[in-house]
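Working notes for the structure below.
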Amino acid sequence: MIDNEGAEAYDTVAITVLSPVNHPPVVEIIKPLNGSVVSGIITIQGRTWDEDGNESIVKVEIRIDGKEWRNAAGKTNWSYELDTKKLENGEHVIEARCYDGITYSNIVSIKINVQNEKEEKKLPFVPIIIAVIIIAMAVLIYLKYRKII
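Adding 954 to a residue's 1-based position in the sequence shown gives its number in this note's numbering.
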């Protein structure tokens, strides 16, 4: 800067631009309850939120027993249909996480106990009955020709 008498003065100003702090989103599983006994097709449900605004949530993912992540339907209120008949009976771990475009949430998990009824293998009764009849007739014919009857 120069004044009317020609004196000059200089000042240095440092400007620091800070990136806004991104808070990780939060996810929770609300259904089924931890430790639930389940069978058939179940709906896994949950909620998410983000301190930076819920509109920042991009997706929610779940996985079963540490396998691949799968997208759930919805964002702040989400759900996922699971056919437990595709799982072995016993305990399984369901995990969920969400993503805000920058950071993933912590992974939350619950355990479920799958108890589907075993499908009984139905014996083919008609072929068995036919086979028994054929064998009985063959024995009778054999015995008749041997003159035992």
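Even for Gly, the Cβ is constructed at its ideal location relative to N, Cα and C.
Rounded distance between the beta-carbons of residue j and residue i, thought under 8 Å
i, j, result
"P986", "I1066", "6 Å"
"V1068", "V992", "6 Å"
"D1004", "P979", "4 Å"
"N1070", "K1039", "5 Å"
Residue of the options minimising C-alpha distance to residue i
i, options, result
"I1064", "I1048, I1082, E1015, D1054", "I1048"
"N988", "I1011, E962, L1094, Q999", "Q999"
"D1054", "T997, E959, T1002, A963", "T1002"
"E982", "S1059, D1006, A1085", "S1059"
"Y1034", "E959, G1044, E1015", "E1015"
Three-way DSSP call (helix, strand, coil) for residue i in this model
i, result
"V1105", "Outside the modelled stretch of the chain, which goes from 955 to 1103, sits residue 1105, for which no answer is possible."
"I996", "strand"
"V1093", "helix"
"I1087", "helix"
"K985", "strand"
Length of the line joining the Cα atoms of residue i and residue j
i, j, result
"I1018", "H977", "26 Å"
"N1025", "R1051", "10 Å"
"T1057", "I996", "29 Å"
"G994", "H1046", "14 Å"
"E1042", "A1090", "43 Å"
"G1044", "W1023", "21 Å"
"I984", "I1082", "51 Å"
TODO: Enumerate, from N- to C-terminal direction, the unbroken beta strand (DSSP E) stretches of 3 or more residues contained entirely within the segment 999 to 1065.
DONE: 1013 to 1018, 1031 to 1037, 1044 to 1053
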